[in-house]
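K.L.:
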Amino acid sequence: MNLYDVIIKPILTEKAEGLRQENVYAFEVSRRANKKLVKEAIREIYGITPKKVNILNVPPRKKSNRYGVSYTAAKKKAYVFLDKKDKIDIFESV
494 MNLYDVIIKP ILTEKAEGLR QENVYAFEVS RRANKKLVKE AIREIYGITP
544 KKVNILNVPP RKKSNRYGVS YTAAKKKAYV FLDKKDKIDI FESV
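Residue numbers (our numbering): 494 to 587.
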């Protein structure tokens with residue numbers, strides 16, 4: 494798997510903003526990614542070595558429409574913990 498395909502997009506929510514104050518960054522990652530791949534991708538893309546990576550599987554949710562019930566796609570989130578001196582610039586400009 495290409496390291497640029499591991500990280501899909503940053504997560505920009507109120508919870509993620511609160512965690513960012515503590516140097517924890519949230520990303521949506523590929524369903525096939527693991528902690529090692531996420532760590533390598535952050536190192537390759539941003540040039541920063543994470544201190545720790547936590548991964549969560551987000552299950553699909555039910556959605557009702559006029560044809561019955563459908564489901565959203567399952568996702569995977571990664572919380573990346575950095576040292577106090579490190580920052581990811583993409584989040585500072587948003």
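The beta-carbon is built from N, C-alpha and C at its ideal position, and this holds for glycine as well.
1) To the nearest angstrom, report how far apart ASN558 and ALA566 are at their CA atoms.
2) Use the C-beta contact count for ILE583: other C-beta atoms within 10 angstroms, 16 or more gives buried, fewer gives exposed.
3) Where does VAL517 fall in DSSP's three states?
4) Could you pull out every residue in the same chain whose Cβ sits closer than 6 Å to the Cβ of SER563, ignoring the five residues on either side in sequence?
5) Determine the burial state of PRO552: buried for a count of at least 16 other Cβ atoms within 10 Å of its Cβ, exposed for fewer.
6) If VAL499 and LEU530 are in contact, beta carbons under 8 Å, what's the gap, nearest whole angstrom?
7) Tell me, which residues are paired with LEU549 by DSSP?
P.N.:
In terms of the structure at hand:
1) The alpha-carbon atoms of ASN558 and ALA566 are separated by roughly 15 Å.
2) exposed
3) strand
4) LYS556
5) Exposed, since its Cβ has fewer than 16 Cβ neighbours within 10 Å.
6) 5 Å
7) LYS570.
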